[in-house]
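Participant: Below you'll find the structure I mean.
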Amino acid sequence: MRNQLSSVRDNPEGRRPVRPGMRGGMARIIYVEDDERAGAAVRQALREAGHMVGLIDHGMLAFDTIAFNKPDLVILDQSLPGAQGLDILRALRRLPALCRTPILMLSAKGGEAEADEAMGAGANACLVTPFEPELLVRRVAEMLDDDSLPDDAGA
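Each residue of the sequence shown is one higher than the one before, counting from 3 in the numbering used here.
As C-alpha cells, this is what we get:
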C-alpha cells in the first residue's frame with residue numbers, strides 16, 4: 003500500500019534499518035507530501051542514499067501510518083490536504099513511542115516565524131521549499147547521525 007512501508011517493495015535487498023544515532027546503514031523514513039513530483043524526486047534521492055521510504059500523500063493518513071510503523075525519521079510537509087503538518091507534528095510529539103523520533107518539517111512559505119513555530123512544536127529541523135533533493139538527503143543524514151538523539155528514539 004502506498005501509505006505504509008513495504009519491506010519487499012522498498013527494501014528488496016533485505017537490509018536491516020538503523021536507528022537514529024547509529025552511523026551508516028539504512029533508515030526507515032516516512033515522507034508526508036501531497037505534491038506527487040516532489041514526493042517522487044525526494045523518495046528516489048533517499049532510496050539512492052540507501053534508505054527505505056514510505057510516501058503518504060494525505061494528512062488524514064499520516065498520523066495513523068506513522069504511529070503504526072514507528073519510523074526512524076519523519077519528513078512532514080506543512081501544507082497537506084486533510085490535516086496541517088504542524089497539527090500532525092504536535093500529535094506525534096504526544097506519543098511516547100514517537101516523542102523523540104527526528105522530524106524534519108518542510109515549508110513552502112518560508113519565513114522565520116513559520117520555522118520558529120515548527121521548531122517550537124517539536125520539529126528537529128526545517129527546510130524551505132523548493133530545494134534540491136540532495137540538500138534534503140544531506141540534512142536527513144545529519145539528523146540520523148546526530149549522536150545527541152537518544153538510542154531509543156522511535157522505539
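All residues carry an ideal CB built from backbone N, CA and C; glycine is no exception.
(1) DSSP three-state call for Arg102: helix, strand or coil?
(2) State the Cα-Cα distance for the pair Glu136 and Glu35, rounded to the nearest angstrom.
(3) With distances taken Cα to Cα, identify the nearest neighbour of Asp148 among Phe133, Pro132, Glu134, Ala127.
(4) What is the DSSP secondary structure of Arg96, counted as helix, strand or coil?
(5) How long is the line joining the alpha carbons of Ala29 and Leu146, rounded to whole angstroms?
(6) Using the three-state DSSP reduction, which class does Ala125 fall into: helix, strand or coil?
(7) What does Ile90 pair with, by DSSP beta-bridge criteria?
Facilitator: Concretely, from the data shown:
(1) Here Arg102 carries a coil assignment [DSSP, helix/strand/coil].
(2) Counting only the Cα atoms, Glu35 lies some 17 Å from Glu136.
(3) Ranking Phe133, Pro132, Glu134, Ala127 by Cα distance to Asp148 puts Ala127 first.
(4) Here DSSP, grouped into helix, strand and coil, assigns Arg96 to coil.
(5) If I take the Cα positions, the gap works out to 8 Å.
(6) Reduced to three states, the DSSP call for Ala125 is coil.
(7) DSSP output for Ile90 lists no bridge partner at all.
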